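S.K.: This is the structure, below, for whatever I ask next.
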Amino acid sequence: MHAIVIEKPGEPEVLSWQEVPDPRPERGEIIINVTASAVNRADLLQRQGLYEPPPGASPYPGLECSGIVGEVGPDVEGFSPGDRVCALLAGGGYAERVAVPWQQVMRVPDRVDPVEAAGLPEVACTVWSNVFMTARLRKGETLLVHGGASGIGTMAIQLAKAFGSHVVVTAGSPEKVARCLELGADEGVDYRAEDFSERVEADVILDIIGGKYLARNVKALKTGGRLVVIGMQGGTKGELDLGALLVKRAAVYGTTLRSRPVDEKGAIVRSVVRDVWPLVDAGVIRPVVHTRVPMSDAAQAHRIVEAGEHVGKVLLTNA
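Given below as structure tokens:
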């Protein structure tokens, strides 16, 4: 098969479409013939040598994919060759074939395009596990989403609105704020022009920035608020006012998805299939796709994401 190989850490040009050995299904694994994958920020960090794959994971980038089941290994439950699926991966999505534990595989909802389905697993599992399973967002509460126009942000807007929450987003331009409002956000803050902590009070904050926003995030929390940090685009360190945290009886969570054990990922995937997929089938939730790029031109897709002008997901296609 062919896959995108990172020949050495560096700029997008280090991504190379090469012939590599085919994966073989181990016990409990499925081989997916990949229709499409999607670019995530973690892929950019891996390309730069800043985010190594977990032990035992594929060395090729790609944290999600859609495709057709090609082979099933021993002890696989509920899947057969020919099934139309998408999957949450620890790596390997930038390829023609990938091996994945069956617990991390989901059938593609009927109304979703097979290519666009590649943009669902990572964002759906990330938002559902962090906003609803960890932070326990409830109907009527306010969710603040940083990076509302990102893949994570566009999913968070839709899911939170579907469950009856008030959604506020930050984004980097009036145009991006407008797109977020079109997706259902109730309020938007252009972070280049305004300090969100001066006008927003939130029960739950989903943060991709990290250290740079820590103090302002705590300021923006309501009493009993929950801050979930899932990214570090603004650095790994920030000043935490414990006094403010105590007075508000608030909580700060830091989570990652990629390095979790298969059983934990499987529990998240099952919950997404049970609670999110019906909303996708009903047309309430949809993948938001900025553009499609041929898999072999992954370097161009990385340039698009690094430029930061996109809304939603950038997909890589084998179709």
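In short: position in the sequence shown from 1, add 35, done, that's the working numbering. For every residue, glycine included, the Cβ atom is placed at its ideal position computed from N, Cα and C. Please read all numbers here as calculations on a predicted model, not as lab measurements.
(1) Could you tell me the boundaries of the alpha helix (DSSP H) in which N252 lies?
(2) Between the C-alpha atoms of V180 and K247, what's the straight-line distance to the nearest angstrom?
(3) Let me know if T352 comes out buried or exposed under the rule of 16 or more other beta-carbons within 10 Å of its beta-carbon.
(4) Looking at C-alpha atoms only, which residue of V147, D145, C121 is the closest neighbour of V135?
(5) With C-beta atoms as the reference, is K300 less than 7 Å away from Q139?
(6) In this structure, how does DSSP classify N353 when only helix, strand and coil are distinguished?
(7) Please name the residue, chosen from A170, I39, Q81, that lies closest to Q53 on a Cα-to-Cα basis.
(8) Based on the DSSP output, what are the partners of V100 in its beta bridges?
(9) Can you give the Cα-Cα distance for A71 and G270, rounded to whole angstroms?
(10) Label E42 either buried or exposed according to how many other C-beta atoms from any shown protein chain fall within 10 Å of its C-beta, with 16 as the threshold for buried.
(11) So which of F231, N75, S115, L98 has the shortest CA-CA distance to G207?
(12) Got a sec? Which residues, its chain only, sit under 6 Å from S93 by beta carbon, not counting five neighbours each side?
(13) Which two residues bound the contiguous alpha helix (DSSP H) that contains E217?
(14) Distance, Cα to Cα, Y288 vs D148?
(15) Considering L155, what are the terminal residues of the alpha helix (DSSP H) in which it resides?
(16) By DSSP, does D298 sit in helix, in strand, or in coil?
(17) Take the Cβ of K211 as the centre, count every other Cβ of all protein chains shown within 10 Å, and call the residue buried at 16 or more, exposed below.
(18) Is the number of C-beta pairs between the segment 170 to 187 and the segment 93 to 104 that are closer than 8 Å three or more?
(19) Under a three-way DSSP split, which group does P322 fall into?
(20) Starting from L178, trace the beta strand (DSSP E) both ways and give me its first and last residue.
(21) In angstroms with no decimal places, state the Cα-to-Cα distance between T291 and S115.
(22) DSSP state of R284, grouped into three classes?
(23) Could you tell me which of E64, G182, I243 sits nearest to Y226, measuring between CA atoms?
(24) For V264, which residues does DSSP report across the bridge?
(25) Over what stretch of residues does the beta strand (DSSP E) that includes A315 continue unbroken?
(26) Is the beta carbon of V324 less than 7 Å from the beta carbon of L350?
M.R.: Inspection of the coordinates gives the following:
(1) Walking along the sequence shown from the start, residue 252 turns up at place 217. Note, N252: alpha helix (DSSP H), 249 to 255.
(2) Within the sequence shown, numbered from 1, the residue matching residue 180 stands at position 145. Within the sequence shown, numbered from 1, the residue matching residue 247 stands at position 212. Rounded to the nearest angstrom, the two C-alpha atoms are 15 Å apart.
(3) The residue given as residue 352 occupies position 317 in the sequence shown. T352 should be labelled buried.
(4) Taking the first residue of the sequence shown as position 1, residue 135 is located at position 100. Looking at the Cα atoms, C121 is the closest of the given residues.
(5) Taking the first residue of the sequence shown as position 1, residue 300 is located at position 265. Taking the first residue of the sequence shown as position 1, residue 139 is located at position 104. It is a contact, given that the beta carbons lie within the stated cut-off.
(6) On the sequence shown, residue 353 is found 318 positions in, with the first residue counted as 1. Three-state result, N353: coil.
(7) To locate residue 53, count along the sequence shown from 1; it is residue 18. Per the Cα distances, I39.
(8) Locating residue 100 in the sequence shown gives position 65, counting from the first residue. For clarity, residue 100 is Cys in the given sequence; the question names Val instead. Paired residues: S72, A122.
(9) Walking along the sequence shown from the start, residue 71 turns up at place 36. Walking along the sequence shown from the start, residue 270 turns up at place 235. Approximately 31 Å, taken between the alpha carbons.
(10) Mapped onto the sequence shown, residue 42 falls at position 7. It counts as exposed.
(11) Within the sequence shown, numbered from 1, the residue matching residue 207 stands at position 172. Per the Cα distances, F231.
(12) In the sequence shown, counting from the first residue as 1, residue 93 sits at position 58. Excluding sequence neighbours, S93 sits near G126, G127.
(13) As a working mapping, residue 217 is identified with position 182 in the sequence shown. Element bounds for E217: 209 to 217.
(14) Here residue 288 corresponds to residue number 253 of the sequence shown, with the count starting at 1. Here residue 148 corresponds to residue number 113 of the sequence shown, with the count starting at 1. The straight-line gap from Cα to Cα measures roughly 34 Å.
(15) The count along the sequence shown starts at 1 and reaches residue 155 at position 120. Unbroken run through L155: none, as it is neither H nor E.
(16) Here the question's residue 298 lines up with position 263 in the sequence shown. Looking at D298 - three-state DSSP - the assignment turns out to be helix.
(17) On the sequence shown, position 176 is the one that residue 211 refers to. Buried.
(18) no
(19) Taking the first residue of the sequence shown as 1, we reach residue 322 at position 287. Of the three classes helix, strand and coil, the one that applies to P322 here is coil, per DSSP.
(20) The sequence position of residue 178 within the sequence shown is 143, counting from 1. 177 to 181 is the extent of the beta strand (DSSP E) around L178.
(21) To locate residue 291, count along the sequence shown from 1; it is residue 256. To locate residue 115, count along the sequence shown from 1; it is residue 80. If you take the alpha carbons of T291 and S115, they lie about 30 Å apart.
(22) Stepping through the sequence shown from its first residue, residue 284 is reached at position 249. Here R284 sits in coil by DSSP.
(23) To locate residue 226, count along the sequence shown from 1; it is residue 191. With distances taken between Cα atoms, Y226 lies closest to G182.
(24) Here residue 264 refers to the residue found at position 229 when the sequence shown is read from its first residue. Looking at the DSSP assignment, V264 forms a beta bridge with D242, G289.
(25) Mapped onto the sequence shown, residue 315 falls at position 280. The sequence shown places Val at residue 315, not Ala. Where V315 is concerned, there is no enclosing beta strand (DSSP E), although the alpha helix (DSSP H) it sits in stretches over 312 to 316.
(26) The sequence position of residue 324 within the sequence shown is 289, counting from 1. The sequence position of residue 350 within the sequence shown is 315, counting from 1. Yes, the pair counts as a contact, with Cβ atoms nearer than the cut-off.
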